[in-house]
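Everything on this sheet refers to the single structure shown next.
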Amino acid sequence: MSSILTHSPADVVRRVLIALNLGSLPSTVGDWPIQVSNEPDYPDNLITITDTAGITNGRIQRTGETLEHKGISIQVRGVSHPIAWAKSDEIRVAIDEAIKNTSVTIASTSYMVYSLTRQSGPIILGREPGTDRYLHTINAIVALRQVN
Numbered sequence: 009m010s011s012i013l014t015h016s017p018a019d020v021v022r023r024v025l026i027a028l029n030l031g032s033l034p035s036t037v038g039d040w041p042i043q044v045s046n047e048p049d050y051p052d053n054l055i056t057i058t059d060t061a062g063i064t065n066g067r068i069q070r071t072g073e074t075l076e077h078k079g080i081s082i083q084v085r086g087v088s089h090p091i092a093w094a095k096s097d098e099i100r101v102a103i104d105e106a107i108k109n110t111s112v113t114i115a116s117t118s119y120m121v122y123s124l125t126r127q128s129g130p131i132i133l134g135r136e137p138g139t140d141r142y143l144h145t146i147n148a149i150v151a152l153r154q155v156n
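Per the working numbering, the sequence shown starts with residue 9, numbered consecutively.
And the structure:
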């Protein structure tokens, strides 16, 4: 859906995952903090969401509105393969089954997430260079609109 967004799609999806209890804001004490576009070295178990290329689905001729699904990548880092896999698969199930027509608010801005569709994954990337932590990623597209 074409519209100007106050927050990036990655930040909106972060709020959706937090609402589903799949992670927490980095500023709060909780398991699996979710970062946006920044992956600090600590903690070991971490989720990072970045904005990626989306898919343009055309344009409405009468209004000129471009129809677009924004792209995101969700990376899960864990202290072991089983831990990273379990969290990645939990997120996969949420994407496939729980995220549809979901409303979230960031500060005073509200968003409607119509759908989050996986394009891949979870993909196992192996060990993080220089550490024993494991990386998994899920690529997805999101249909969303800023409500206010």
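C-beta atoms are modelled at their ideal positions from N, C-alpha and C, and glycine is treated no differently.
Source: prediction; values computed, not measured.
Buried or exposed (CB count within 10 angstroms, at least 16 for buried), residue i
i, result
"Gly31", "buried"
"Ala92", "buried"
"Gln69", "exposed"
"Tyr50", "exposed"
"Ser81", "buried"
"Val12", "The residue you asked about is not Val; residue 12 is Ile in the sequence shown. Result: exposed."
Spatial neighbours of residue i in its chain, beta-carbon cut-off 8 Å, leaving aside the 5 residues before and after
i, result
"Ile26", "Ser32, Leu33 and Ile42"
"Val37", "none"
"Gly66", "Thr74 and Leu75"
"Ile114", "Thr14, His15, Asp19, Val20 and Arg23"
"Asp97", "Pro130"
"Ala61", "Gly79"
"Ala106", "Leu28"
"Asp39", "Gly31, Ser32 and Asn53"
Beta-carbon separation (whole angstroms), residue i vs residue j, contact threshold 8 Å
i, j, result
"Ser128", "Ile99", "The pair is not a contact, with the Cβ atoms about 13 Å apart (cut-off 8 Å)."
"Arg141", "Val87", "6 Å"
Chain-order list of residues whose beta-carbon lies under 6 Å from that of residue i (same chain, five-residue window excluded)
i, result
"Ser123", "Lys108 and Ala151"
"Arg85", "Leu54, Arg141 and Leu143"
"Thr71", "none"
Cut-off 7 Å between Cβ atoms - residues of its own chain near residue i, not counting five sequence neighbours on either side
i, result
"Asn156", "Thr117 and Ser118"
Sub-8 Å separation of residue i and residue j beta-carbons
i, j, result
"Thr64", "Ser45", "no"
Three-pair Cβ contact test at 8 Å for the region 14-23 versus the region 143-155
Counting Cβ pairs under 8 Å, three or more are found: they touch.
Is it a yes or a no for the region 104-123 touching the region 44-57, going by three-plus beta-carbon pairs under 8 Å?
no
Would you be able to state if there are at least three C-beta pairs under 8 Å between the region 132-143 and the region 100-113?
no
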